[in-house]
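Heads up, the thing below is written out as structure tokens.
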Amino acid sequence: MSDKEQMQNLIARRAAKELAGPSIVNLGIGIPTLVSKYIDDENVFFHTENGLLGVADVEEDKIDPNLVNAGKLPVGESIGASFFNSAESFAMIRGGHIDVAILGVLQVGQNGEIANWAVPGKNIMGVGGAMDLLVGAKKVIVTMTHTNKEGISKILRECTYPITSTRSVDMIITELAVFEVVEKQLKLIELMPGVSIEEVRAKTEADFIY
Amino acid sequence: MSDKEQMQNLIARRAAKELAGPSIVNLGIGIPTLVSKYIDDENVFFHTENGLLGVADVEEDKIDPNLVNAGKLPVGESIGASFFNSAESFAMIRGGHIDVAILGVLQVGQNGEIANWAVPGKNIMGVGGAMDLLVGAKKVIVTMTHTNKEGISKILRECTYPITSTRSVDMIITELAVFEVVEKQLKLIELMPGVSIEEVRAKTEADFIY
Amino acid sequence: MTKVHQDIEAALSCVKNGHTLMVGGFGLIGAPLTLIDGLTKKDVAGLTVISNNLGEKGKGLGILLSQKKIKKAIGSYFTSNREVGEFYQRGDIDLELLPQGTLAESMRAGGAGIGGYYTKTSVGTDLAKGKEEREINGVTYIFEPAIRANVALIRAWKADTLGNLVYYKTARNFNPVMATAADVVIVEVDEIVEPGELPPEEIVTPHLFVDGIIKATKILTKEGVIDYE
Amino acid sequence: MTKVHQDIEAALSCVKNGHTLMVGGFGLIGAPLTLIDGLTKKDVAGLTVISNNLGEKGKGLGILLSQKKIKKAIGSYFTSNREVGEFYQRGDIDLELLPQGTLAESMRAGGAGIGGYYTKTSVGTDLAKGKEEREINGVTYIFEPAIRANVALIRAWKADTLGNLVYYKTARNFNPVMATAADVVIVEVDEIVEPGELPPEEIVTPHLFVDGIIKATKILTKEGVIDYE
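Residue numbers (this note's numbering), protein chains in the order written: chain A, 1 to 210; chain B, 211 to 420; chain C, 421 to 649; chain D, 650 to 878.
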């Protein structure tokens, strides 16, 4: 594994600890997709908005081009899985039938609002299911690298990119720390192994309670 | 057959002439239910709003208590039939996917509006799918006895009972005559066998073109 | 984890005084007869019942009505039980009458996170009185709000132990819609099977909608409702 | 009567200049690749395409874009085809971006005779700008109008000759919804069977929604899209 992959897996493994069955979990594209590897609870069921409850890993030789997740990556189906159409799938999401959504983001504000679909100055070209998941999932967990490629904090006082929802996420997990969002404020609840609070402070623009 | 049954079958047989495949037809309770007996076109498909496309007659010894039409009467299913839920069924109706609805009524006004769900002075207790069919079906045909038990015209200048819809029906078939509704006016297009225009005039309160 | 209840009291422990219940079925067809029978034996009052009709007199939900456990009913066709009219005349029940399609659509909206919607159905009739009108692309619609319930009691044909459901013929009717629109969904079924026995493409109600499962002991036959062991 | 077309030109004769088309699929998965290929060979222009995305560059709907047959696209995720951005920059295409759930729900409304509806999705974001807000039971929603099309081009797994459809795994996606929301619905399928071969309880799209059927000749495999005889 590359350093980057190790970091992503560290974050995904920590996110997996938040999941306990029975629960219905929707995993976004990127780091969230890795979370299922670390789940060994048969009562955690994965939902993908393109129309499947019961997403499972798939072996290379069993790949079916017509069985994919929301990132269009090949997946398998678990025992007891079901397929449904896009309107039904988003009815589940908006209707409050998804317990946890785990999402990647571009930015988080210190009020817990996120931006993960558009960058100012670029064409607004894609939103997918992000806004639906934000308004519909009972709990939203963000998994993200703490800083961008330039080393600049992605946890900001305020999102500078267009927000995805006025709903605050519930938890933020990075390679440095875990935050809860309580009454629109960030609260650091855990440092990742070997990370100091000084390092988190230095790499976080947002104010947070500790 | 009793006189009443003969009259009902006369009306139903005439209504059946209006149906030619390919078409999707919803039959109401009462006389409309009899129409399917007189259809011998395999491309006329019967829809019932409780969730079946492909209603067929059923023999006494094959009755299934869980296979009924909207009048809760036992029916059969044709080859190529499908079942769906009530929301899907009314989505079909409202969404314009039903070609013809054949309905019974209490009254018709001379503008073609009908009343078939409530009687003044009695509790308003039931409406069922009548209002949905009126707004959704491409063509609505009324089958009815020309007069009520007291011999009074049911085709009135104006409905005195609460109307089912502001949409006028397209055709009215009684044991005496067939009317089309053209631009909110009744037009007599056919006398039933052995019936004189004088008899129709005498038994019809509404104005009509002939 | 299992969603399968062994006794009816446990299955119905989620139903509390004053609750709003959705109850599946078109008349007795597809109605959760076992759960309804359980309700008639449960000490509960002040219920609001959302169901197409209130059974027939002395049958299905009709028994619950006779027991005066229902304070309000929302449905499309109460005519099938003449006792509803008697209760209404005496002021012993509130009624809300909706066109059948509006009833179904409002539940679907409630289950799908839709706050309300515009329908053509009932525009210009007595059932639209007091309802907001809106013209969209030259057509007049009325606003209808979403409906939800505390508990839905439904009937299906088969459930796997996860709660995936399939339905039998026209006993499907309102059941799959109600399964989406209540905080707690309890289903009675003719048969309980293992996960994997219902093909993924054929499942009508995915298990995320279902909270409790019980085997039906009341069955609708040509001769009426019978007990089944 | 048969709905089965033998050649692609006949199947696509319903598509006219300036039409609004719904095209099924989530990327290439479940997309009507045969019908799209037919469109690339048809002399047609000024289309509005409603589809989750516009394929990839040079694939699926991406070809149609390159051919400048699309004047407007309504979808949720155009990012998968970078050429869409280039066209947009040059003013060669109009885009309407909707959240994926709103896209699906608006089509469902269009097919179900619903004029419009209120959703929580996108409230307070740039995608809600200019849209009517309404509070219902203390929650803020925005109004979204129904969407319909002149023609829907979809893909299913099996059709019987009446037009009843079933779908394969996640190739289902938008296809069943689009089947309800267009004046003319043309489906391509892997297999055409006789009426009665699809069990009545398992049919996903009843035949009343379907106008034309054609056997697919373009198939998505692990290695990409291939021709199939």
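For each residue, glycine too, the CB sits at the ideal point set by N, CA and C.
Annotation: Cβ neighbours of D/L811 in chain B (cutoff 7 Å, chain order): G290. If you ignore the 5 residues before and after A/E42, its C-beta comes within less than 6 Å of no other C-beta in its own chain. Secondary structure at C/Y561: strand, using DSSP grouped into helix, strand and coil. Checking the DSSP bridge columns, you'll see A/Q107 partnered with A/A115. Selection D/F727, D/E846, D/I719 and D/R804 evaluated against D/V834 yields D/R804 as nearest (Cα-Cα).
Cβ atoms of B/V310 and B/K349 come within 8 Å of each other, at about 5 Å.
By the Cβ neighbour-count rule, D/L752 is buried, with 16 or more other Cβ atoms within 10 Å of its own. For C/I428, the secondary structure class from DSSP, reduced to helix, strand or coil, is helix.
Under the 8 Å Cβ criterion, the segment 372-381 of chain B counts as touching the segment 542-560 of chain C, having at least three qualifying pairs. Each residue's CA atom was taken as its position, placing D/N786 and D/Y726 some 32 Å apart. In this structure, C/V613 places its C-beta atom within 7 Å of the C-beta atom of C/K578.
Residue environment: D/K769 is assigned as buried (16 or more neighbouring CB atoms within 10 Å of its CB, all protein chains considered).
Among the residues facing chain C, A/G194 is not included, as its CB has no counterpart in that chain under 7 Å away. D/K717 and A/E5 have their C-alpha atoms some 41 Å from each other. Residue state for A/Y38 is assigned as helix, using DSSP reduced to three classes. For A/A87, the closest Cβ of chain D is nearer than 7 Å. Closer than 7 Å to the CB of C/K479 there is not a single CB belonging to chain B. Below the 7 Å Cβ cutoff, chain A contributes S82 as neighbours of C/I623, in chain order.
The distance from the Cβ of D/A831 to that of D/N799 is about 6 Å, consistent with a contact at the 8 Å cut-off. Sequence-ordered contacts of the segment 167-188 of chain A with chain D read R167 [C-beta pairs closer than 9 Å].
Within the model, the alpha-carbon separation for C/L582 versus D/E793 is close to 35 Å. Judged by DSSP secondary structure, A/V25 falls within the beta strand (DSSP E) whose first and last residues are S23 to L27.
In terms of Cβ geometry, A/G104 and A/G151 do not form a close pair [threshold 7 Å].
Cβ atoms of C/V443 and C/L573 come within 8 Å of each other, at about 5 Å. For A/A91, the enclosing alpha helix (DSSP H) has its first and last residue at S86 to R94.
C/R528 and C/A566 have their alpha carbons spaced roughly 8 Å apart. Taken in chain order, the members of the segment 537-559 of chain C whose beta-carbon sits within less than 7 Å of a beta-carbon on chain D are Y537, Y538, T539, K540, I556 and V559. Neighbours of B/M302 in chain D, taken as residues at a C-beta separation under 7 Å, are given in chain order as L857. Listed along chain D, the residues sitting closer than 7 Å to C/P565 by beta-carbon distance are I785. Burial state of C/V559 is exposed, judged by a 10 Å Cβ sphere holding fewer than 16 other Cβ atoms. Within chain C, L628 have C-beta atoms less than 8 Å from the C-beta of A/I24, given in sequence order.
Straight-line spacing of the CA atoms in B/A291 and D/F823 works out to 23 Å. For the pair C/G466 and C/V630, the Cα-to-Cα distance works out to about 25 Å. Contact with chain C is absent for D/I723, since none of that chain's Cβ atoms lies less than 7 Å from the residue's Cβ. Look at the beta carbons and you see the segment 83-98 of chain A touching the segment 43-59 of chain A: at least three pairs across the two are nearer than 8 Å. Between the segment 319-332 of chain B and the segment 268-283 of chain B, the count of C-beta pairs closer than 8 Å stays below three; the two stretches do not touch.
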